[in-house]
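In the numbering used here, the protein residues as written are 20 to 262.
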């Protein structure tokens with residue numbers, strides 16, 4: 020029982036005691052009797068009001084807040100109602116205090132960069148409108164009708180490997196970056212298409228000139244195929260290049 024409810028019960032008991040005192044004639048003065056009646060009524064009304072307006076949880080309501088979970092493989096920048104609220108790290112969450120609801124939340128994925136400071140991957144951002152108080156929002160690899168994938172590549176060879184995303188498509192992305200031997204590289208987020216692909220070329224290796232991964236491999240094979248699936252909710256695509 021909350022403190023408020025205990026206080027309400029005490030007021031009810033007080034009002035009962037005052038009414039009993041008046042009815043039993045324990046208060047001989049008319050003035051005292053009138054005061055006791057008034058005090059009893061006030062105590063009873065106060066107790067009723069306490070019960071009515073006491074929060075159902077038994078605790079005072081907290082500050083309005085919004086909980087955001089970042090399911091992506093990269094950090095995201097958060098803007099709420101036009102105000103920059105900082106970043107949420109990959110696979111982490113934060114709770115933000117909000118001035119008013121419903122709120123509009125916008126986010127931008129912070130893709131990894133090359134050594135030259137160029138972003139890897141495609142621009143990826145989203146917006147959630149009408150977010151209510153005390154709700155949880157998940158940011159994942161889907162933005163409305165768009166799906167994104169995040170290649171994470173293990174280069175187990177002794178060679179540097181270059182890569183091209185969506186070779187032969189209008190969305191082709193040539194970063195010029197190299198995946199060093201015996202390293203793990205995060206290549207950033209890319210929009211997923213029916214014929215999305217990644218072509219790898221590992222110089223000075225015994226591998227075919229091209230190694231590739233495709234969303235929907237063709238019946239014919241023009242290069243060594245890497246078999247892997249895009250995994251929700253982060254959209255990660257785990258690939259390993261072996262000699």
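The beta carbon of each residue, even a glycine, is placed where N, CA and C say it ideally should be.
Distance, residue j Cα to residue i Cα
| i | j | result |
| --- | --- | --- |
| residue 115 | residue 125 | 13 Å |
| residue 171 | residue 230 | 15 Å |
| residue 154 | residue 145 | 18 Å |
| residue 236 | residue 121 | 45 Å |
| residue 178 | residue 224 | 6 Å |
| residue 174 | residue 156 | 35 Å |
| residue 118 | residue 192 | 41 Å |
| residue 103 | residue 109 | 18 Å |
| residue 136 | residue 206 | 14 Å |
| residue 79 | residue 250 | Model confidence at residue 79 stands at a pLDDT of 48, short of 50, so the residue's coordinates are unreliable and nothing is read from them. |
| residue 190 | residue 105 | 30 Å |
| residue 151 | residue 84 | 9 Å |
| residue 101 | residue 82 | 20 Å |
| residue 97 | residue 107 | 7 Å |
| residue 267 | residue 141 | Since the displayed the chain opens at 20 and closes at 262, residue 267 lies outside it and no answer follows. |
| residue 260 | residue 99 | 41 Å |
| residue 149 | residue 143 | 21 Å |
Beta-carbon proximity of residue i to residue j, cut-off 9 Å
| i | j | result |
| --- | --- | --- |
| residue 233 | residue 176 | no |
| residue 113 | residue 87 | yes |
| residue 254 | residue 123 | no |
| residue 7 | residue 244 | Since the first residue of the chain shown is 20 and the last is 262, residue 7 is not available in this structure. |
| residue 258 | residue 194 | no |
| residue 216 | residue 158 | no |
| residue 196 | residue 134 | yes |
Any C-beta of chain B under 9 Å from that of residue i
| i | result |
| --- | --- |
| residue 210 | Looking for chain B here will not work: only one protein chain is present. |
Inset, instruction - Could you tell me whether the stretch 160-171 touches the stretch 203-217, where touching means 3 or more Cβ pairs closer than 8 Å? - result: yes
Legend entry - At least three beta-carbon pairs within less than 8 Å, the stretch 81-93 to the stretch 128-144: yes
Inset, instruction - Spell out a yes or no on whether the stretch 216-225 and the stretch 182-198 are touching, meaning 3 or more CB-CB pairs, one atom from each, closer than 8 Å. - result: yes
Legend entry - Secondary structure, beta strand (DSSP E): runs of 3+ residues fully inside the stretch 168-256: 180-184, 202-205, 216-221, 230-233
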